[in-house]
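Data first, discussion second: the structure below is written as structure tokens.
Encoded structure:
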């Protein structure tokens with residue numbers, strides 16, 4: 836399994852990432868990609884920008900653990916995780932997860948697992964700038980619930 | 095600017111960028127806002143734990159202490175999640191982590 840984990844300020848190219856996964860191996864029969872974007876609304880208020888903070892070193896280690904767990908659980912050929920940090924604007928790309936596998940079920944499930952675990956375990960924090968005020972985004976119970984569903988299968 | 099906004103790589107526990115007798119403190123997310131004015135390093139001493147370090151901050155930074163006392167706050171020592179009673183030694187990097195919101 837070929838993993839690729841990147842934390843970066845610059846944008847990423849969905850097509851280029853898909854192509855890399857597709858070309859990893861002739862055995863690749865399925866590629867599932869997920870891209871997360873900055874919404875223009877936070878709690879029904881318009882946002883100007885979003886700033887993503889991470890814990891250099893630890894965040895990479897936690898993403899590696901998540902990728903390792905996915906690789907142990909599903910039959911994967913490639914798994915790419917890209918997470919941007921720094922200041923982002925509405926509609927900007929934040930996160931990319933791409934999974935290549937022989938069959939679609941592995942790729943679909945692994946992609947969901949990685950996103951659910953990333954949202955609840957990887958050390959990233961979002962701060963929203965709404966012009967007149969700034970605040971840190973609060974974690975959501977729905978993300979915890981989404982993450983926990985994978986634990987019940989262990 | 096919050097203490098924790100530094101983009102530079104965190105000190106490696108193996109190489110121990112900090113001098114002896116010091117413990118590096120990091121406060122992430124909203125905790126960074128409450129930690130403005132907190133010294134980035136504290137002097138190590140015998141029997142220190144994350145819980146005791148939090149208590150040491152209480153007198154000068156009561157609002158930060160209240161935030162750190164929220165049950166959902168996690169702590170890491172040299173970038174590994176640990177409990178509040180874990181011994182903290184010289185040269186360690188102790189980080190206070192509010193619930194994560196990436197993705």
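Chains as they are written, first to last, in my numbering: chain A, 836 to 989; chain B, 95 to 197. Heads up, the beta-carbon is just placed ideally off N, CA and C, and yes, glycines get one too.
Roughly how many angstroms lie between the CA atoms of residue i and residue j, to the nearest whole one?
{"i": "residue 167 of chain B", "j": "residue 890 of chain A", "result": "15 angstroms"}
{"i": "residue 923 of chain A", "j": "residue 963 of chain A", "result": "10 angstroms"}
{"i": "residue 135 of chain B", "j": "residue 909 of chain A", "result": "43 angstroms"}
{"i": "residue 972 of chain A", "j": "residue 161 of chain B", "result": "15 angstroms"}
{"i": "residue 965 of chain A", "j": "residue 861 of chain A", "result": "47 angstroms"}
{"i": "residue 968 of chain A", "j": "residue 126 of chain B", "result": "17 angstroms"}
{"i": "residue 854 of chain A", "j": "residue 178 of chain B", "result": "46 angstroms"}
{"i": "residue 894 of chain A", "j": "residue 154 of chain B", "result": "30 angstroms"}
{"i": "residue 149 of chain B", "j": "residue 952 of chain A", "result": "32 angstroms"}
{"i": "residue 902 of chain A", "j": "residue 875 of chain A", "result": "30 angstroms"}
{"i": "residue 976 of chain A", "j": "residue 919 of chain A", "result": "23 angstroms"}
Using alpha carbons as the reference points, say which of the options lies closest to residue i.
{"i": "residue 180 of chain B", "options": "B:169, B:162, B:143", "result": "B:143"}
{"i": "residue 899 of chain A", "options": "A:862, A:854, A:949, A:864", "result": "A:949"}
{"i": "residue 156 of chain B", "options": "B:173, B:118, B:129, B:146", "result": "B:129"}
{"i": "residue 946 of chain A", "options": "A:893, A:855, A:877, A:905", "result": "A:905"}
{"i": "residue 191 of chain B", "options": "A:961, A:849, A:919, A:875", "result": "A:961"}
{"i": "residue 124 of chain B", "options": "A:847, A:970, A:870, A:984", "result": "A:970"}
Can you name, in chain order, every residue of its own chain whose Cβ lies under 8 angstroms from the Cβ of residue i, other than the five neighbours on each side?
{"i": "residue 954 of chain A", "result": "978, 981, 982"}
{"i": "residue 921 of chain A", "result": "844, 886, 887"}
{"i": "residue 176 of chain B", "result": "144, 169, 170"}
{"i": "residue 864 of chain A", "result": "936, 937, 938, 939"}
{"i": "residue 188 of chain B", "result": "117, 118, 119, 120, 144, 147, 169, 170, 171, 182"}
{"i": "residue 897 of chain A", "result": "956, 957, 958"}
{"i": "residue 974 of chain A", "result": "955"}
{"i": "residue 97 of chain B", "result": "Low confidence applies to residue 97 of chain B: its pLDDT is 43, below 50, so where it sits in the model is not reliable, and the reading given next is rough at best. Taken in chain order, the residues that qualify are 119, 120, 121, 126, 129, 130, 132, 134."}
{"i": "residue 859 of chain A", "result": "837, 912, 913, 935"}
Counting only the same chain and skipping the five closest in sequence on each side, list residues whose C-beta sits under 7 angstroms from that of residue i.
{"i": "residue 195 of chain B", "result": "none"}
{"i": "residue 873 of chain A", "result": "885, 923, 924, 925, 926, 927, 929"}
For my contact list, residue i and residue j are in at a C-beta cut-off of 8 angstroms; report their separation, rounded to the angstrom.
{"i": "residue 199 of chain B", "j": "residue 138 of chain B", "result": "No answer is possible for residue 199 of chain B: it lies beyond the span of chain B, which begins at 95 and ends at 197."}
{"i": "residue 881 of chain A", "j": "residue 942 of chain A", "result": "Contact flag wrong, Cβ pair sits at about 36 angstroms."}
{"i": "residue 173 of chain B", "j": "residue 892 of chain A", "result": "6 angstroms"}
In its own chain, which residues sit with a C-beta less than 6 angstroms from the C-beta of residue i, not counting the 5 before and 5 after it?
{"i": "residue 199 of chain B", "result": "No answer is possible for residue 199 of chain B: it lies beyond the span of chain B, which begins at 95 and ends at 197."}
{"i": "residue 100 of chain B", "result": "With a pLDDT of only 37 at residue 100 of chain B, under the threshold of 50, the placement of this residue in the model should not be trusted; the figure read from the coordinates follows. If we look at residue 100 of chain B and ignore the five residues flanking it on each side, it has no Cβ neighbours."}
{"i": "residue 877 of chain A", "result": "963"}
{"i": "residue 933 of chain A", "result": "852, 856, 868, 915"}
**Item:** Residue ranges of each alpha helix (DSSP H) within the region 875-931 of chain A, 4 or longer
**Value:** 893-908
**Prompt:** Hey, which unbroken runs of the beta strand (DSSP E) at 3 residues or more fall wholly within the region 107-195 of chain B?
**Reply:** 116-121, 135-137, 168-171, 174-176, 187-191
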